[in-house]
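Worksheet: one structure, shown below.
2 protein chains.
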Amino acid sequence: MSVRIGNSTIAMSNAVSVTSFSAVGGKKEGEGPCGSFFDYIDSDDYFGQDSFERAESAMQGLALQNAVEKRGIEPEDITLMLGGDLLDQCIGTSFGVADFNIPFFGIYGACSTISEGLALASLLTDSGASKITAAITSSHFCTAERQYRFPLGYGGQRTPTSQWTATASGALLVEQGDSAPFVRAVTVGRIEDKGITDANNMGAAMAPAAYSTVSRFFGDTGLSPADFDAIVTGDLGNVGSRLLCELAERDGLDLREKHVDCGRIIYDQSSQDVHAGGSGCGCAASLLCGRFLPEIRAGRLHNILFAATGALLSPTSSQQGMTIPGISHLVWLSDEKGEF
Amino acid sequence: MSVRIGNSTIAMSNAVSVTSFSAVGGKKEGEGPCGSFFDYIDSDDYFGQDSFERAESAMQGLALQNAVEKRGIEPEDITLMLGGDLLDQCIGTSFGVADFNIPFFGIYGACSTISEGLALASLLTDSGASKITAAITSSHFCTAERQYRFPLGYGGQRTPTSQWTATASGALLVEQGDSAPFVRAVTVGRIEDKGITDANNMGAAMAPAAYSTVSRFFGDTGLSPADFDAIVTGDLGNVGSRLLCELAERDGLDLREKHVDCGRIIYDQSSQDVHAGGSGCGCAASLLCGRFLPEIRAGRLHNILFAATGALLSPTSSQQGMTIPGISHLVWLSDEKGEF
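Which chain is which? The protein sequence lines are S and R, in order. Heads up, the first sequence is in this note's numbering, so the first residue is 1 and it goes up one at a time. Heads up, the second sequence is in this note's numbering, so the first residue is 1001 and it goes up one at a time.
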């Protein structure tokens, strides 16, 4: 039985382990400061395909295949997979994983997708509903840009608050087991909408969601930032990261020392011209799978909170003048099984 | 602990009950043969809003509010909600449920969404991860038509195999408890792609997925169609329903006597001009919540298999000449708790 703690946090009752993980990325991501964390970098972002949409699917397939091979299993050993992406109707995932023939639940959490997938995978593995559970997501600069904003050839100016969609994918496997990293607890996000309408400032739209989830985790568990090596958010970028720390400070919670944002570290902001940072489902997913999970496995990180964030807008909602609701799901990752 | 049966079926280990359900629909749905099953029918499909997208969100909010009120609880008593819809980035749901302030996981399964939501809600309630779990979805003819096909004013001809997207929403609550209907088991779908590329023939694209899931349920459990009052599929329509029965017959499985398809019964095909039948997430969801769950609660149906089906295409994938992958998730609903 899962153990509910407080209002919205759920602790694992078994040792739930992330047993394999893989990160795949594009050229720009390979050239950034996190380039060495990727298992594979594609040289032209086409991944051998003839459209960017097919490239994104191929990238997901590659990430999943890597994770499976590292674990030494076959794809059909996976008993359940959870995945989704930013493309309309999540076609990046549907076409990316169809050939693997694995029982599949589609999920949608925009850039929070890997948190949602890892949270659901952990809960369903903890309960025994699934034995080996995969979570996967991706984003691709060229598919997202032309779907959400402008045709690629248009060459529109980007505003200072805009973020650069990462071309990247992360895939991971969750099982009951005795090897770190372990999932200790998850906090499910609520949709937060503070009335932001600027689709080029998604960091501001998502920061309240991140804060809502992180603060509820601390409230539910009685833990504090001092108990963690890092509090990792998805892709708030420069603007959203500043807002998150300010929102926390108002409530007397100091996140500044422990806060790391994937959107701020995936690119070199002085040389890679990404404005407010990176974004996209693949940004947080690839750094989770390429950097943070390996660091916990190696014992260099002991406890982190991982809270990817998503902006639940669409071009249609923005064109109709709607606000941008945000959501963030949190996963506590640890090198100890522990008991709650 | 959940109990895995065979390859992809999971039985509940506790008595998991669907404790409340509500169906809301549009004018055409109200005029059809299932009109009396809806809790509310809107007279002009705008649900008091000024755009069809906002109307779809308002419809979802209404369905959820109804389900909550029938159960005599407050929205904040819901510990987890799962929902999604057909619109790009699932905005129907994000804007429909944001104000309820409930921990929320977005899901995407196209027209199989209510099966996916009910399956996940059941598994997470069975394990104790959630106490009162909601699942919700919707579709709206006017939002789907202009997003997937043509502007509404264009008045394009529809092919004989095309289906009519229902304007409807279904919401339900799942809890551990002692009152029928009970969820006995779920079978998670796999993505099936038989190479269909005609976006106006989604029944044909989805039938293999429905058959894959239904046949795996029978294989995993050793049960047969004779054990059920009805085998209900989502929205295969006339073409897909015929294909499903043919696929089953090839394997010596006779579904014809027990098979009911929501897409075939939601409209009067002789007078409502819907060609191959109804479709959309709301079609199966509203008939599940408005017709089948009440019939089980009343003891008029004892055991049914409910397998909504989804076509995982997007306009972009179709324009790029891609095939249409399908998926179907199955839920065994019963008026007895039973033991597996």
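Don't be surprised by glycine CBs; every beta carbon is placed ideally from N, CA and C.
- For Q157(S), there is no enclosing beta strand (DSSP E), as DSSP marks it with neither H nor E.
- Counting only runs that start and end inside the segment 245-275 of chain S, the alpha helix (DSSP H) elements of at least 4 residues fall at 262-265.
- Annotated three-state conformation of S112(S) is helix, per DSSP.
- When 8 Å is used as the limit between beta carbons, F104(S) is near these residues of chain R: V1188, G1189, R1190, I1191, I1327, in chain order.
- Listed in chain order, the positions of the segment 281-296 of chain S with a beta carbon within less than 9 Å of a beta carbon of chain R would be empty, since no residue qualifies.
- By the C-beta density criterion, E1029(R) is buried, having at least 16 other C-beta atoms within 10 angstroms.
- Using beta-carbon distances, E1257(R) does not count as an interface residue toward chain S, since no partner is under 8 Å.
- Where T213(S) is concerned, the enclosing alpha helix (DSSP H) starts and stops at 202-221.
- At a beta-carbon threshold of 8 Å, none of the residues of chain R lie near A15(S); the nearest stands roughly 14 Å away.
- Residue contact with chain R for D45(S): absent (no Cβ-Cβ distance below 8 Å to any residue of chain R).
- Annotation for G1025(R): the continuous beta strand (DSSP E) segment containing it runs 1009-1025.
- The distance from the Cβ of C1111(R) to that of A1311(R) is about 7 Å, consistent with a contact at the 8 Å cut-off.
- Within the DSSP bridge table, the entry for A134(S) names M81(S), L173(S) as partners.
- Shortest Cα-Cα distance from Q89(S) to any of L62(S), E53(S), F100(S), G128(S) involves E53(S).
- It is roughly 41 Å from the alpha-carbon of E1175(R) to the alpha-carbon of E257(S).
- By the CB criterion at 8 Å, T113(S) and L124(S) fall outside the cutoff.
- A distance of 8 Å or more separates the beta carbons of S1328(R) and T1165(R).
- Using a Cβ-Cβ cut-off of 8 Å, T1316(R) counts as an interface residue toward chain S, since at least one Cβ of chain S sits closer than that to its own.
- With a cut-off of 8 Å on Cβ pairs, the segment 1-8 of chain S is in contact with the segment 211-228 of chain S, counting three or more such pairs.
- DSSP places I91(S) in the uninterrupted alpha helix (DSSP H) bounded by 91-97.
- Within the same chain, and ignoring the five residues on either side of F1104(R) in sequence, the residues whose Cβ sits closer than 6 Å to its Cβ are M1081.
- Among the residues facing chain S, Y1154(R) is not included, as its CB has no counterpart in that chain under 8 Å away.
- Your pair E1056(R) and H1140(R) checks out as a contact, with CB atoms roughly 4 Å apart and the cut at 8 Å.
- Between the alpha carbons of G1117(R) and I1136(R) lies a gap of roughly 7 Å.
- T1197(R) counts as exposed, since fewer than 16 other beta carbons sit within 10 angstroms of its beta carbon.
- Straight through space, the alpha carbons of A284(S) and Q269(S) are spaced by roughly 17 Å.
- Interface annotation for the segment 96-120 of chain S against chain R: V97, A98, D99, F100, N101, I102, P103, F104, F105, G106, I107, Y108, G109, A110, S112, T113, E116, A119, L120, criterion Cβ-Cβ distance under 9 Å.
- Looking at the DSSP output, R4(S) bridges to I10(S).
- L1313(R) reaches chain S at Q89, counting residues in chain order whose Cβ is nearer than 7 Å.
- Rounded to whole angstroms, A1098(R) and L1062(R) show a C-alpha spacing of 13 Å.
- Taking C-alpha positions only, S127(S) is separated from S1241(R) by approximately 35 Å.
- Residue pairing by DSSP places A308(S) opposite H329(S) in a beta bridge.
- Contact of R1004(R) with chain S is assigned, a C-beta pair being separated by under 8 Å.
- The beta carbon of E1031(R) sits no closer than 8 Å to any beta carbon of chain S.
- When Cβ pairs closer than 8 Å are counted between the two stretches, the segment 1008-1028 of chain R is seen to touch the segment 1275-1292 of chain R, the count reaching three or more.
- One Cα belongs to S1179(R), the other to A1298(R), and the distance between them is close to 11 Å.
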